[in-house]
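To start, the structure itself, in structure tokens.
There are 2 protein chains.
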Amino acid sequence: MSENRYCYKYPHPSVTADCVIFGFDGVSIKVLLIQRGIEPFKGMWAFPGGFMQIDETVEECARRELEEETGLKNASVEQFYTFSDVNRDPRERVITVAHYALVRLSEVKGGDDAASAQWFAESEIPSLAFDHDRILRMARNCLKERICFEPIGFELLPEVFTMSELQNLYEAILEVKFDRRNFYNKMLKLGILTEAEPRAEQASRRTPTKYRFNAAKYAELKQKGFRLEF
Amino acid sequence: MSENRYCYKYPHPSVTADCVIFGFDGVSIKVLLIQRGIEPFKGMWAFPGGFMQIDETVEECARRELEEETGLKNASVEQFYTFSDVNRDPRERVITVAHYALVRLSEVKGGDDAASAQWFAESEIPSLAFDHDRILRMARNCLKERICFEPIGFELLPEVFTMSELQNLYEAILEVKFDRRNFYNKMLKLGILTEAEPRAEQASRRTPTKYRFNAAKYAELKQKGFRLEF
DNA sequence: ATATCATTGCGTTAATTTTACGCAAAGGTA
DNA sequence: TACCTTTGCGTAAAATTAACGCAATGATAT
Numbered sequence: 005m006s007e008n009r010y011c012y013k014y015p016h017p018s019v020t021a022d023c024v025i026f027g028f029d030g031v032s033i034k035v036l037l038i039q040r041g042i043e044p045f046k047g048m049w050a051f052p053g054g055f056m057q058i059d060e061t062v063e064e065c066a067r068r069e070l071e072e073e074t075g076l077k078n079a080s081v082e083q084f085y086t087f088s089d090v091n092r093d094p095r096e097r098v099i100t101v102a103h104y105a106l107v108r109l110s111e112v113k114g115g116d117d118a119a120s121a122q123w124f125a126e127s128e129i130p131s132l133a134f135d136h137d138r139i140l141r142m143a144r145n146c147l148k149e150r151i152c153f154e155p156i157g158f159e160l161l162p163e164v165f166t167m168s169e170l171q172n173l174y175e176a177i178l179e180v181k182f183d184r185r186n187f188y189n190k191m192l193k194l195g196i197l198t199e200a201e202p203r204a205e206q207a208s209r210r211t212p213t214k215y216r217f218n219a220a221k222y223a224e225l226k227q228k229g230f231r232l233e234f
Numbered sequence: 005m006s007e008n009r010y011c012y013k014y015p016h017p018s019v020t021a022d023c024v025i026f027g028f029d030g031v032s033i034k035v036l037l038i039q040r041g042i043e044p045f046k047g048m049w050a051f052p053g054g055f056m057q058i059d060e061t062v063e064e065c066a067r068r069e070l071e072e073e074t075g076l077k078n079a080s081v082e083q084f085y086t087f088s089d090v091n092r093d094p095r096e097r098v099i100t101v102a103h104y105a106l107v108r109l110s111e112v113k114g115g116d117d118a119a120s121a122q123w124f125a126e127s128e129i130p131s132l133a134f135d136h137d138r139i140l141r142m143a144r145n146c147l148k149e150r151i152c153f154e155p156i157g158f159e160l161l162p163e164v165f166t167m168s169e170l171q172n173l174y175e176a177i178l179e180v181k182f183d184r185r186n187f188y189n190k191m192l193k194l195g196i197l198t199e200a201e202p203r204a205e206q207a208s209r210r211t212p213t214k215y216r217f218n219a220a221k222y223a224e225l226k227q228k229g230f231r232l233e234f
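Sequence lines, in order, name chains A and B.
Count the first sequence with the working numbering and you get residues 5 to 234, in order.
Count the second sequence with the working numbering and you get residues 5 to 234, in order.
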């Protein structure tokens with residue numbers, strides 16, 4: 005049963021892919037975690053992830069494990085760093101290629117078919133298994149940097165959203181506050197937002213305009229090489 | 005001799021670390037390559053790199069291989085992406101963690117103790133072994149992005165340099181041209197340059213001012229979170 | 001020698017962008 | 001009914017960027 009059939013002249017490490025999944029509930033950034041059912045670190049929380057198979061890339065592995073453990077299909081995961089400290093796994097030598105993805109909260113129902121996937125607000129995240137605390141810090145930083153180059157925020161919001169919601173998201177990710185009117189102007193001038201509904205004729209000022217992301221305009225802008233400055 | 009003594013229940017990939025080494029000769033960006041002495045891809049050029057040992061991190065591996073193959077000691081390598089295509093190595097499953105480093109040309113004498121390390125100007129780089137063409141493209145992009153956040157260019161220049169040399173470097177990395185006077189003003193205003201020599205009293209206009217990088221000032225700036233805009 | 005040319009240091013001005021607010025309509029809340 | 005908050009739409013000042021002028025001084029060519 006436990007024959008060790010794969011033999012090499014030199015020792016080989018195991019390779020895993022882990023996924024830091026970010027969400028946004030309108031107020032704060034959330035992270036999807038899995039409670040470990042087995043040792044090591046049994047009972048502790050960790051990112052979804054697992055061992056890479058010999059016939060898949062690390063990205064494929066990340067997506068597969070993500071679906072197996074949280075039910076999330078086709079998330080667009082992106083690798084950001086490979087962690088290879090010699091003792092990061094007490095069992096054996098394991099290096100992990102860490103990924104992150106942005107998903108809408110609605111796409112994952114916490115505690116789904118997955119044993120115990122659960123969303124945590126950033127301030128409520130417990131101490132994590134392995135070196136996942138460190139991985140989280142780096143992922144969070146990547147998120148911050150990335151949003152200045154790409155409008156990744158739109159993957160975190162519903163299809164249709166208000167300017168305030170968008171601003172809240174940017175403020176949560178970047179941990180700053182913007183002047184509402186300047187944020188409004190800057191986003192509109194970028195031209196990557198489209199008004200969602202033709203807007204009620206009798207537009208009451210209190211009912212905010214709904215927007216959706218204009219991917220075509222964004223692609224256009226991106227070619228010219230732009231940058232979302234904040 | 006070739007006993008395969010290391011056995012596992014599941015197949016494990018090999019892990020390598022590769023190093024894209026950038027230099028600058030005052031005019032153009034250069035890349036340090038090694039000519040492969042063995043199959044596969046024997047005779048083709050590739051980045052220095054090699055198999056990770058079981059008791060070292062990938063960064064340690066990168067530095068070790070770099071020194072073994074080019075004589076470069078203590079380069080500060082930084083990983084930027086992990087390539088894991090299933091067939092990227094014809095021998096067996098190998099994933100590689102790609103790194104890059106910036107060094108002064110003077111630190112490496114091409115064709116040193118290293119079998120055949122050689123600097124190539126970007127325009128003269130031949131088709132490379134494995135997926136190293138792709139790796140180079142990504143490394144080059146990283147370089148471009150990085151220089152907007154950190155004054156990495158100073159690692160490529162001699163200790164003491166002129167403003168023109170600095171500008172040439174930025175122009176080479178970013179592939180753009182700047183107005184000399186605006187570049188001059190912007191760099192000086194940043195405050196991360198210090199005049200190297202007290203400057204000749206009888207300062208002839210034709211003899212350019214020499215500068216050196218002011219690491220202390222830079223560290224100060226960095227804390228406040230700044231960005232080198234170009 | 002002499003004329004020509006490129007490099008360097010130091011400015012200035014106009015255009016653009018960023019920042020800081022003003023204000024009124026309209027709905028929600030006490 | 002009296003506030004208070006949210007939204008949409010501006011505007012003026014401040015700061016930054018971009019474009020370019022100019023003279024001194026060596027270097028180079030004739």
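We put the CB at the ideal spot given by N, CA and C, even for glycine.
Test item: CB-CB of residue i and residue j under 9 Å
i, j, result
"residue 18(A)", "residue 63(B)", "no"
"residue 65(B)", "residue 104(B)", "no"
"residue 217(B)", "residue 180(B)", "no"
"residue 90(B)", "residue 22(B)", "no"
"residue 194(B)", "residue 232(B)", "yes"
"residue 24(A)", "residue 139(A)", "yes"
"residue 58(A)", "residue 14(B)", "yes"
"residue 201(B)", "residue 214(B)", "yes"
"residue 152(B)", "residue 10(A)", "no"
"residue 92(A)", "residue 135(A)", "yes"
"residue 53(B)", "residue 69(B)", "yes"
"residue 44(A)", "residue 110(A)", "no"
is_contact[residue i, chain A] using C-beta, thresh 9 Å
i, result
"residue 227(B)", "no"
"residue 183(B)", "no"
"residue 112(B)", "no"
"residue 20(B)", "no"
"residue 146(B)", "no"
"residue 38(B)", "no"
"residue 107(B)", "no"
"residue 58(B)", "yes"
"residue 198(B)", "no"
"residue 120(B)", "no"
Contact with chain B by residue i, beta-carbon distance below 9 Å
i, result
"residue 136(A)", "no"
"residue 24(A)", "no"
"residue 190(A)", "no"
"residue 166(A)", "no"
"residue 81(A)", "no"
"residue 11(A)", "yes"
"residue 85(A)", "yes"
"residue 154(A)", "no"
"residue 172(A)", "no"
"residue 93(A)", "no"
"residue 116(A)", "Caution is warranted here: a pLDDT of 49 is assigned to residue 116(A), below 50, making its placement in the model unreliable, and the coordinate value is therefore given only provisionally. By this cut-off, residue 116(A) is not an interface position."
"residue 271(A)", "Past the boundaries of the shown model lies residue 271(A); chain A is included only from 5 to 234, so the question cannot be answered."
"residue 14(A)", "yes"
heavy atom of the ligand ATP below 8 Å from residue i C-beta
i, result
"residue 7(B)", "This structure does not include the ligand ATP; it has no bound ligands of any sort."
Backbone secondary structure at residue i - three-state DSSP
i, result
"residue 223(B)", "helix"
"residue 86(A)", "strand"
"residue 132(A)", "strand"
"residue 70(B)", "helix"
"residue 140(B)", "helix"
"residue 12(B)", "strand"
"residue 215(B)", "strand"
"residue 240(B)", "Since the displayed chain B opens at 5 and closes at 234, residue 240(B) lies outside it and no answer follows."
"residue 232(A)", "coil"
"residue 37(A)", "strand"
"residue 110(B)", "helix"
"residue 32(A)", "coil"
"residue 62(B)", "helix"
"residue 127(B)", "helix"
"residue 53(A)", "strand"
"residue 99(B)", "strand"
"residue 120(A)", "coil"
"residue 105(B)", "strand"
"residue 80(A)", "coil"
Quiz item: When the Cβ atoms of the segment 121-135 of chain A are set against those of the segment 35-50 of chain A, are three or more pairs found closer than 8 Å?
Solution: yes
Quiz item: On the three-pair Cβ rule with 8 Å, is the segment 218-233 of chain A touching the segment 30-39 of chain B?
Solution: no
Quiz item: Whole alpha helix (DSSP H) runs in the segment 144-199 of chain B with 4 or more residues, listed along the chain?
Solution: As summarised for the segment 144-199 of chain B, the continuous alpha helix (DSSP H) elements at least 4 residues long and confined to that stretch are 167-178 and 184-194, given in chain order.
Exercise. Inspect the CB distances between the segment 172-191 of chain B and the segment 21-37 of chain B and report whether three or more fall short of 8 Å.
Key: yes
Quiz item: With contact counted as at least three CB pairs below 8 Å, one residue from each stretch, are the segment 65-78 of chain B and the segment 154-164 of chain B in contact?
Solution: no
Practice problem: Report yes or no: do the segment 133-151 of chain B and the segment 183-190 of chain B share at least 3 C-beta pairs separated by less than 8 Å? | Solution: no
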